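Single-structure report; data block below.
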Amino acid sequence: MQIITTKEELQAMVKACKAKGKTIGLVPTMGALHAGHASLVQRAVNENNVCFVSVFVNPTQFNNKEDLAKYPRDLQRDADLLHSIGADFLFAPTPEEMYSAEEMNTTFEFDFAGLDQVMEGKMRPGHFNGVVQVVSRLFYLVQPDKAYFGEKDFQQLAIIHHMVERSSMAGTFGKLQIMDCPIVREETGLALSSRNERLSAQEKQTALAISQTLFASQKWAKEAGATVASVQQRVIDTINAVDGLEVEYYEIVDQTTLLPTDTFRHAIGCITVYCGPVRLIDNIKYE
Ligand code: PAF
707 MQIITTKEEL
717 QAMVKACKAK
727 GKTIGLVPTM
737 GALHAGHASL
747 VQRAVNENNV
757 CFVSVFVNPT
767 QFNNKEDLAK
777 YPRDLQRDAD
787 LLHSIGADFL
797 FAPTPEEMYS
807 AEEMNTTFEF
817 DFAGLDQVME
827 GKMRPGHFNG
837 VVQVVSRLFY
847 LVQPDKAYFG
857 EKDFQQLAII
867 HHMVERSSMA
877 GTFGKLQIMD
887 CPIVREETGL
897 ALSSRNERLS
907 AQEKQTALAI
917 SQTLFASQKW
927 AKEAGATVAS
937 VQQRVIDTIN
947 AVDGLEVEYY
957 EIVDQTTLLP
967 TDTFRHAIGC
977 ITVYCGPVRL
987 IDNIKYE
């Protein structure tokens, strides 16, 4: 596996691969890789001739400087894991390589068609502007045939689909396909996340109530008289009753528009919970 740190070198590698008629899979990440990322990379390796993985803790998507500073970083460990899975190229640029000073300090403008006004977007203003900024730049640089994203960040995935649909009209990303990859969970049900590294053993135990409640809610949704509003409230109350957990939001929304819905058809419940100081997210699909 080759490690690349500059855009110029990256584009030269991409050009060489394309010249040989190779298909390219891209897995954008912020590093601190876990088995969830590994499953995306494994798919990208299996489904394409070459696999590029980016590891870049993108400063423009953090609206909290402390969160950015605390984000776990271990490039050597990430590189070893990627190498063992069979990735071909690791792109690990510095922020200065990715952005000019002006880009770093101004909000990237994008028409989200309202997808950024709910849930994570409401709680973390500007977050998705930074995500679209970095993902569109990576797509431009790597020109992948397929790009892989986890469903754990469901709103991010919905926004990336929207971005690609809008730009493919202009032909920007060619025939790029976005590959949605299911959440990977520990045996206990806890959704894998780089943030889990910040949980103490006790907090990790406490956090299990999140996925357990979400799974239970799939059954609650089938009970006689259950409504979206009643199930939503029951999830919030059940999790808030656990010592050490505090729900920031739980919203059952349409999987495409992310708008509130009153039917479980094509619905997804998205949750953010504070487990001690650590902010965890998870989701569950209903039908
Ligand atoms: O999901 C992530 O890790 C990040 O938001 C992404 C897509 C790599 C962009 O920085």
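Take the sequence shown: its letters are residues 707 to 993, numbered as in my numbering. Backbone N, C-alpha and C fix where the C-beta goes; we use that ideal spot for every residue, glycine too. Given the structure is predicted, the values throughout are model-derived calculations rather than measurements.
Contact between THR967 and VAL959 holds, since their C-beta atoms are separated by about 6 Å, short of 8 Å. For THR735, the shortest separation between its Cβ and any heavy atom of the ligand PAF lies below 7 Å. The residues THR978, in chain order, have a CB closer than 6 Å to that of ILE987 in the same chain once the five nearest residues on each side in sequence are set aside. DSSP, read as helix, strand or coil, puts LEU905 in coil.
Around the beta carbon of TYR854, 16 or more other beta carbons lie within 10 angstroms, which makes this residue buried. Here GLU857 carries a coil assignment [DSSP, helix/strand/coil].
Taking MET869 as the centre and dropping the five residues before and after it, the same chain places the C-beta of VAL838 closer than 6 Å to its C-beta, in chain order.
By the criterion of a C-beta distance shorter than 6 Å, GLU903 is surrounded in its chain by PRO778, once the five residues flanking it on both sides are discounted. Collapsing the DSSP output to three states places GLN849 in coil.
Between GLY836 and ASN764, the beta carbon gap of about 6 Å places them in contact (Cβ cut-off 8 Å).
Between the stretch 728-742 and the stretch 767-786 there are three or more inter-stretch CB-CB distances shorter than 8 Å, so the stretches are counted as touching. For the options GLU826, LYS991, VAL761, the alpha carbon positioned closest to that of ASP780 is the one of VAL761.
Taking C-alpha positions only, THR933 is separated from ALA927 by approximately 7 Å. A direct Cα-Cα distance of roughly 12 Å separates PRO801 from LYS713.
A distance below 8 Å between beta-carbons, with the five flanking residues on each side excluded, links SER899 to the following residues of its chain, in chain order: HIS740, GLY742, LYS858, LEU986, ILE987. With 16 or more neighbouring CB atoms inside 10 Å of its own CB, ALA913 falls in the buried class. Between the C-alpha atoms of VAL941 and ARG891 there is a straight-line separation of about 19 Å.
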